[in-house]
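By the numbering used here, the letter at position 34 of the sequence shown is numbered 79, and the numbering carries on one by one without gaps. Positions of the beta carbon are idealized from the N, C-alpha and C atoms, including for glycine. All of these numbers come straight from a predicted model, not from anything done at the bench.
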Amino acid sequence: MDNINQQLSIPEKAQEDSNSFELVRVWIAKKNQYSTIRTGVWDDPAAWGIFLADLAYHIVNSYEPKNESEKTAILQRIKLAFNLELDVPTDEPQGENL
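Structure representation (structure tokens):
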């Protein structure tokens, strides 16, 4: 993690699309997580669930699994931690909505 203090790059497809926009920004600071969220994008909160599921699959792929079994195992770990955090939060979310 040589560039840990730098902002992440904007995806090429987002740069090419004049209608693209940033949806969520998350930072780790002072051992806590801080976020900025663009609200009002979707009327149905279920759309955020789809977004989170898509994000989970991007995270799975970032681990470069060698086969479907590894993909499944990584996703199961994510789902387990996600559901535990929803049921018994370890902290209070901090951030702002735009």
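* Asked: The alpha helix (DSSP H) spanning T117 covers which residue range?
  -> Judged by DSSP secondary structure, T117 falls within the alpha helix (DSSP H) whose first and last residues are 113–132.
* Asked: What are the partner residues of W72, as DSSP defines its beta bridges?
  -> W72 is bridged to Y79.
* Asked: Which one or two residues does DSSP pair with N142 in a beta bridge?
  -> I82
* To do: Taking all protein chains shown into account, decide if I119 is buried (16 or more other Cβ within 10 angstroms of its Cβ) or exposed.
  => buried
* contact_flag[the segment 96–111, the segment 134–142] where n(CB pairs < 8 Å) is 3 or more -> no
* Would you kindly report the start and end of the unbroken alpha helix (DSSP H) that includes E61? => For E61, the enclosing alpha helix (DSSP H) covers residues 57–61.
* Go ahead and pull the three-state DSSP assignment for N106. => helix
* Specify the secondary structure class of L97 as computed by DSSP and reduced to three states. => helix
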